[in-house]
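Per UniProt numbering, the sequence shown starts with residue 1, numbered consecutively. C-beta: ideal position from N, C-alpha, C; glycine also. Owing to the predicted nature of the structure, the values given are computational and were not obtained by experimental measurement.
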Amino acid sequence: MIGSLTFLPLLFYGKSMSILQQGLAWIEPAVAAYGAFALFLIIYLESFGAPLPGESALLAASLLAVRGDLAIEHVFLAAWFGGVLGDSTGYLIGRFGGRLLLQRFGHLVKLTPERLEHVEDLARRRGFVMVMTARFVVLLRQLNGVVAGSIAMPWRHFVAANILGAALWAGLWSFGPYFFTDLFHRWI
1 MIGSLTFLPL LFYGKSMSIL QQGLAWIEPA VAAYGAFALF LIIYLESFGA PLPGESALLA
61 ASLLAVRGDL AIEHVFLAAW FGGVLGDSTG YLIGRFGGRL LLQRFGHLVK LTPERLEHVE
121 DLARRRGFVM VMTARFVVLL RQLNGVVAGS IAMPWRHFVA ANILGAALWA GLWSFGPYFF
181 TDLFHRWI
């Protein structure tokens, strides 16, 4: 019994690694062929709602930089600019149409007028932290700018939090794998 319980995490690890490898199968060739521009485009589109694997692309690009195929500085800058511009585009989309959509179709996702008011109040009080940290959560990273624009978060606060959050996120996923690959290789 104990042997089978210790096998379950290994089975889950093996399946998740297989899914990751399949997901990276198309990303790595795209980034290898088009370099940092492909990474920029993937992260830009993901950052305003497109269902693309931006974090996986960034990880793949960082590992390509370890091999010497890309410059790590270009990887970081592409991820940072792509994230900032993508979220800013999402903000503009939300600002010029998102609120109307939330009011009209919010009930479909259980967003009542009371809940919308609560989210707006929370964004007014803690919007900076919300925008900065949302980049680290998969679905929030994709909808962050649209939601901030929809609730009319002040542009200056959004941009400052967006720039800082994107720099932290891009730095973690660019430089982390780049500098610590040998450490993780030994564990795996």
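Just verifying my parser: in three-state terms, what is the DSSP assignment at R125?
Reading the sequence shown from its first residue, position 125 is the one you call residue 125. In this structure, R125 counts as helix in the three-state DSSP scheme.
I143, buried or exposed, once every other Cβ within 10 Å from all chains shown has been counted against 16:
For the purposes of this step, residue 143 is taken as residue 143 along the sequence shown, with counting starting at 1. It should be noted that the sequence gives Leu, not Ile, for residue 143. Buried, by the Cβ-count rule.
#### Entry: Separation of T181 from G90, as counted between CA atoms
Position 90 of the sequence shown, counting from 1, holds the residue named residue 90. Position 181 of the sequence shown, counting from 1, holds the residue named residue 181. Approximately 33 Å between the Cα atoms of the pair.
DSSP on A65, reduced to helix/strand/coil? By 1-based counting over the sequence shown, the position of residue 65 is 65. A65: helix per DSSP, three-state reduction.
- Task: Select from A71, L100 and E114 the residue whose C-alpha is nearest the C-alpha of A32.
- Result: Taking the sequence shown and counting its residues from 1, the one referred to as residue 32 is at position 32. It is A71.
query = Along the chain, where does the alpha helix (DSSP H) that runs through T112 open and close?
reply = Taking the sequence shown and counting its residues from 1, the one referred to as residue 112 is at position 112. Per DSSP, T112 belongs to no alpha helix (DSSP H) and is neither H nor E.
**Request:** Identify, in the order they occur along the chain, each residue of the same chain with its Cβ nearer than 8 Å to the Cβ of L85, setting aside the five sequence neighbours on each side.
**Result:** Working through the sequence shown from its first residue, we reach residue 85 at position 85. So the list reads Y44 and S47, once near-sequence residues are dropped.
*Can you find at least 3 beta carbon pairs, one from the region 93 to 106 and one from the region 150 to 168, that sit closer than 8 Å?*
yes
Review point. Over what stretch of residues does the alpha helix (DSSP H) that includes R135 continue unbroken?
Key: Your numbering for residue 135 matches position 135 in the sequence shown. That residue, R135, is in no alpha helix (DSSP H); it is neither H nor E in DSSP.
message = Which of the three DSSP states is assigned to I27 in this structure?
response = On the sequence shown, position 27 is the one that residue 27 refers to. Reduced to three states, the DSSP call for I27 is helix.
Which of helix, strand or coil does DSSP assign to A152?
Translated into positions along the sequence shown, residue 152 becomes position 152. It is coil, neither helix nor strand.
Output needed for I42: all residues of its chain with C-beta closer than 7 Å, excluding positions within five of it in sequence on either side, in chain order. Here the question's residue 42 lines up with position 42 in the sequence shown. Same-chain partners within the cutoff: L52, G54 and A57.
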